[in-house]
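Novice:
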Amino acid sequence: MDTERSLPRRTRATALIALAAISILGAGLAFLYSAQSSKPQPASASDNPLLVTRDFVTYSFTSPTEGWAMDMTSGTAFTASRLTIFRTVDRGRRWEKQLSLSDAFFGYGALPLQAVDQAHCFMLLRGPSKELLFRTADRGAHWDQLAVPDPNVEVVTFTDRDYGWLLTSGNDLYVTRDAGSSWQPLPAPPQDASALRLRLPTEAWMTGVDSGPPHVYSSSDGGQRWHRHDLPSPAGGSWDPNSYFQSSVELLPHAGVVAHVLRDGDPAPFTLTSFDGGGTWRDVRPPSAAVAYQDASEWWAMGSTSLYKSSDGGQTWTEVISTLPDWMYRPNLYILDPEHAWVSVSVPASLTAPRANRLAFTEDGGLHWTRAQVPHES
1 MDTERSLPRR TRATALIALA AISILGAGLA FLYSAQSSKP QPASASDNPL
51 LVTRDFVTYS FTSPTEGWAM DMTSGTAFTA SRLTIFRTVD RGRRWEKQLS
101 LSDAFFGYGA LPLQAVDQAH CFMLLRGPSK ELLFRTADRG AHWDQLAVPD
151 PNVEVVTFTD RDYGWLLTSG NDLYVTRDAG SSWQPLPAPP QDASALRLRL
201 PTEAWMTGVD SGPPHVYSSS DGGQRWHRHD LPSPAGGSWD PNSYFQSSVE
251 LLPHAGVVAH VLRDGDPAPF TLTSFDGGGT WRDVRPPSAA VAYQDASEWW
301 AMGSTSLYKS SDGGQTWTEV ISTLPDWMYR PNLYILDPEH AWVSVSVPAS
351 LTAPRANRLA FTEDGGLHWT RAQVPHES
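Residue numbers (my numbering): 1 to 378.
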């Protein structure tokens, strides 16, 4: 790779670290925004062992009763790393093992599972020198390892079981129309673009990471052309050219986009939304950093004690409940419809208690939450 290509790659690595920092900061702010309970609740000695795990687990749900779980355990000098994929069809009463990787997985990390429907799911493992892409088309009964056009994959994202894009760390972009069996090159996105988000074959977004005003990019023609959108500064102010900005972008269900900008020295990200392809933006101020989207208008925000909802795309908020269970710490919401949602919570390890990861679901719009069993390696 020549000098002109290696520079964006170094820039991209810096951007990924910055975006990871925003994610970590947001998880912390979800707790700090709460008006009560200044300390995490550790797992009690009487906690049902089936309802808690020390492993790092990420989830992807396709219905109120069906979902996937990725269970990861880091290796040590004496034990191998382990990654196990589980699936439930009965709201977590049972988690069936679908795939397990151990010794060969040492040194790899994994991005969250992408379940595009109840049968089809994709998984990207990121390693020290190359990435591995897996696919199942039969609800996890069998997994195929797919060839990728470049060993240095940054992002793989699918809109359905056949169509997806792949972005490399060298800023090369590829498209598949056959579920990852083959890949064709697309025009390269802007040099400073990162964090690919794909909604439809004709709509994609990326974050700009160059110095200067925070900005994002969009494409409405399948990646043939990209348009830059400078993000407006907070009302009554302006972006300080000497400040360092960390940005991220996420897509709302069906329509609309959310951009987050974290400025050096600010305690929380500045959040904006656009519903006209980035032509105009408006400021939104959720009551908690843990926000999930039922659709473009109906949003949920959860702290450690309260659940809030918005019906106007985050412009106004109503507190739904102020007495969430005391184990709601760093919640990660998965909304399926107005009544059904899942939440995973993670309490970090302390001097007196190990890490405790839990899972719960609601069937009444968040008024009541029921603990669910978490996956365990048998």
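Using N, Cα and C, we set each Cβ at its ideal position, and we do this for glycine too. Everything numeric in this text was worked out from a predicted model, so none of it was measured.
#1: Whole-angstrom Cβ separation of serine 194 and valine 216, contact assumed at under 8 Å?
#2: Between the alpha carbons of glycine 127 and glycine 222, how many angstroms are there, rounded?
#3: What did DSSP end up calling leucine 307 once you bin it into helix, strand or coil?
#4: Since alanine 296 is in the beta strand (DSSP E), which residue starts that stretch and which ends it?
#5: Given arginine 177, which residues of its chain have a CB within under 7 Å of its CB, disregarding the five upstream and five downstream residues?
#6: According to the Cβ coordinates, are phenylalanine 61 and leucine 307 closer than 9 Å?
#7: Would aspartate 192 be called buried (16 or more neighbouring beta carbons within 10 Å of its own) or exposed?
#8: Less than 8 Å between C-beta atoms, sequence neighbours within five positions excluded: which residues of the same chain meet that for proline 253?
#9: CB-CB under 6 Å to serine 233, same chain, minus the five flanking residues each way: which ones, in chain order?
#10: Let me confirm a value: threonine 362 is counted as buried when at least 16 other C-beta atoms fall within 10 Å, else exposed. Which label applies?
#11: Exposed or buried, aspartate 312, counting other C-beta atoms within 10 Å across all chains shown (16 or more means buried)?
#12: List the endpoints of the continuous beta strand (DSSP E) containing aspartate 172.
#13: Which same chain residues end up closer than 7 Å to threonine 370 when comparing Cβ atoms and leaving out the 5 residues on each side of it in sequence?
#14: Using a Cβ-Cβ cutoff of less than 6 Å, which residues in the same chain neighbour threonine 53 once the five nearest sequence positions on both sides are dropped?
#15: If you follow the beta strand (DSSP E) that serine 344 is in, where does it begin and where does it stop?
#16: By the 10 Å Cβ neighbour count, where 16 or more other Cβ atoms means buried, how is proline 112 classified, buried or exposed?
#17: For the beta strand (DSSP E) holding serine 63, just list the boundary residues, first then last.
#18: Rounded to whole angstroms, what is the Cα-Cα separation between glutamate 377 and tyrosine 244?
#19: With 16 other CB atoms within 10 Å as the buried threshold, where does glutamine 98 fall?
#20: Decide yes or no for the touch test of the stretch 115-127 against the stretch 151-171: beta carbon pairs closer than 8 Å, at least 3 of them.
#21: If you follow the beta strand (DSSP E) that tryptophan 205 is in, where does it begin and where does it stop?
#22: Work out the CA separation of glycine 237 and histidine 120 for me, nearest whole Å.
#23: Which stretch, first to last residue, makes up the beta strand (DSSP E) that contains tyrosine 334?
#24: If you count every other CB in all the chains shown that lies within 10 Å of the CB of glutamate 4, and 16 or more means buried, which is it?
#25: Return the CA-CA distance between aspartate 364 and proline 64, expressed in angstroms with no decimal places.
#26: Measure from the alpha carbon of arginine 94 to the alpha carbon of each residue in Asp138, Gly67 and Ser182, then state which is nearest.
#27: Classify leucine 51 as helix, strand or coil using the three-state DSSP reduction.
#28: Rounded to a whole number of angstroms, what is the C-alpha to C-alpha distance between methionine 70 and methionine 123?
#29: Just how far apart, CA to CA, sit proline 354 and proline 348?
#30: Can you tell me which of Ser211, Arg87, Ser181 and Leu146 puts its alpha carbon nearest to the alpha carbon of aspartate 264?
#31: If I measure Cβ to Cβ from arginine 228 and keep anything under 6 Å in the same chain, skipping five residues before and after, which residues do I get?
#32: Classify threonine 318 as buried or exposed, calling it buried when 16 or more other Cβ atoms lie within 10 Å of its own Cβ.
Specialist: Quick look at the numbers:
#1: That pair is no contact at about 10 Å.
#2: 29 Å
#3: strand
#4: Neither: alanine 296 is in no beta strand (DSSP E) and is coded neither H nor E.
#5: Asp162 and Tyr163
#6: no
#7: buried
#8: Tyr293, Gln294, Asp295 and Ala296
#9: Trp239
#10: buried
#11: exposed
#12: Segment: none, aspartate 172 is in no beta strand (DSSP E) and carries neither H nor E.
#13: Ala360 and Phe361
#14: Asn357 and Val374
#15: 341-347
#16: exposed
#17: Counting along the chain, serine 63 falls outside any beta strand (DSSP E), and DSSP gives it neither H nor E.
#18: 43 Å
#19: buried
#20: yes
#21: 203-208
#22: 47 Å
#23: 332-335
#24: In this prediction, glutamate 4 has a pLDDT of 37, which is less than 50 and means its spatial position is unreliable; what the coordinates show is noted afterwards. Classification for glutamate 4: exposed.
#25: 12 Å
#26: Gly67
#27: helix
#28: 9 Å
#29: 7 Å
#30: Ser211
#31: His215 and Tyr217
#32: exposed
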